[in-house]
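Chemist:
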Amino acid sequence: MTDNKEFSISSNGDRWSIETNDGDIVVLHTANKPSGGQQTRKALSDFLEESVGKPEHTALLQILGQSKNEINDQLGNEVVDPSVFDKG
Numbered sequence: 073m074t075d076n077k078e079f080s081i082s083s084n085g086d087r088w089s090i091e092t093n094d095g096d097i098v099v100l101h102t103a104n105k106p107s108g109g110q111q112t113r114k115a116l117s118d119f120l121e122e123s124v125g126k127p128e129h130t131a132l133l134q135i136l137g138q139s140k141n142e143i144n145d146q147l148g149n150e151v152v153d154p155s156v157f158d159k160g
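Take the sequence shown: its letter number 12 is residue 84 in our numbering, and every next letter is one higher.
1. By the 10 Å Cβ neighbour count, where 16 or more other Cβ atoms means buried, how is G160 classified, buried or exposed?
2. Please go through the same chain and pick out, in chain order, the residues whose beta-carbon is closer than 7 Å to the beta-carbon of N84, but skip the five residues on each side of it.
3. Could you tell me the alpha carbon to alpha carbon distance between K77 and L100, rounded to whole angstroms?
4. Tell me the DSSP secondary structure of S117 in three-state form.
5. Use the C-beta contact count for A131: other C-beta atoms within 10 angstroms, 16 or more gives buried, fewer gives exposed.
6. Consult DSSP for K105 and reduce its assignment to one of helix, strand or coil.
7. Locate the alpha helix (DSSP H) running through Q134, then write down its first and last residues.
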């Protein structure tokens, strides 16, 4: 069974979600409609490694249960804009 949880939407309409299927966890990126809406999947570990500092990375860490302080530590003590956590 596949479970999908959206965790970030960019200002241009790109969407990111976590997809789990039989214990495997991947990040699903859906491009915005003007870009064709193509979907790509990445292993969770690859996504976390490649997207450090991006809003979608911060949003994913938040839903995975890390505190804002832990996120800031990972980003090199940069201050994270609190609005990235307001994903309604």
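We put the beta carbon where it would ideally sit given N, CA and C, even for glycine. Remember, predicted model here, so these are calculated numbers, not experimental data.
Modeler: Checking against the coordinates, here is how it stands:
1. Caution is warranted here: a pLDDT of 46 is assigned to G160, below 50, making its placement in the model unreliable, and no coordinate value can be reported.
2. The residues are N104.
3. Put simply, the backbone Cα of K77 is about 10 Å away from that of L100.
4. helix
5. buried
6. In this structure, K105 counts as helix in the three-state DSSP scheme.
7. P127 to I135
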